[in-house]
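J.: Take 1 as the starting number for the sequence shown in full-length UniProt numbering and just add one per residue. The C-beta atom is built at its ideal place from N, Cα and C for all residues, glycine as well.
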Amino acid sequence: MLQICHQEITYDHFKFLFSKVKAVYLYECVVRKKNDEIVPFEKLVKSLRKIKKIHFYDNPSYSSITSNTVKELLKIPHIPKITEVILEKLPEKLDLETFHIYFKRNEHTKFRIRFQNTISETYKIRIEAVVDEIIATKNHDYKIPNIGFAGLPNEKWGKIDSLIRQQNKQ
């Protein structure tokens with residue numbers, strides 16, 4: 001496992017440091033190209049061919065999440081081999097609809113997804129609708145994602161957590 005916190009590094013350094021790592025922890029880091037452009041999260045993941053676990057806390061001031069992040073991640077051949085993905089402080093530009101479709105087919109990867117406190121009420125309503133759908137589903141033939149935001153009712157946090165624990169026992 002390799003972790004970097006509150007750093008700004010070049011993409012070349014990122015590839016050098018993380019190329020052979022199986023577990024990555026990035027906490028509010030910024031990875032930039034030589035032209036000073038922020039490298040999108042999906043490009044970082046694409047370069048991590050041996051990755052099994054990734055914990056990524058986005059940097060709200062210099063987000064590497066784009067509206068295409070989810071769609072681009074799904075094109076990466078080694079994505080299904082990743083066993084655990086923790087994404088924190090995500091902006092609402094993350095394509096929740098595409099992620100929702102994906103996780104209902106996902107049988108392998110454990111997801112924990114948390115959004116920034118600054119997301120809009122409209123986006124919170126959409127996340128809560130996804131959570132409600134997960135809770136209402138009787139038979140989960142997919143890996144239940146642990147998804148939420150500050151302000152999601154405690155009762156719903158508890159139900160999602162309980163469903164995930166039940167699923168993990170099976």
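Could you check where the beta strand (DSSP E) with Arg112 kicks off and where it finishes?
T.: Counting along the chain, the beta strand (DSSP E) containing Arg112 begins and ends at Lys110 to Phe115.
J.: Quick check: the Cα distance between Thr98 and Ile144, rounded to an integer number of angstroms?
T.: About 16 Å.
J.: Keeping to the same chain, check which residues put their C-beta closer than 7 Å to that of Phe18; ignore five residues upstream and five downstream.
T.: Excluding residues within five positions, the ones whose Cβ falls inside 7 Å are Leu2, Val24 and Leu48.
J.: Between the C-alpha atoms of Gln116 and Asn139, what's the straight-line distance to the nearest angstrom?
T.: Spanning the two alpha carbons is a distance of roughly 30 Å.
J.: With the cut-off set at 8 Å, would you say Lys104 and Tyr57 are in Cβ contact?
T.: No, these two residues do not count as a Cβ contact at 8 Å.
J.: Which residues does DSSP list as the beta-bridge partners of Gly148?
T.: Looking at the DSSP assignment, Gly148 forms a beta bridge with Arg114.
J.: CA-CA distance, Phe64 and Arg165?
T.: It should be pointed out that residue 64 corresponds to Ser in this sequence rather than to Phe. The straight-line gap from Cα to Cα measures roughly 31 Å.
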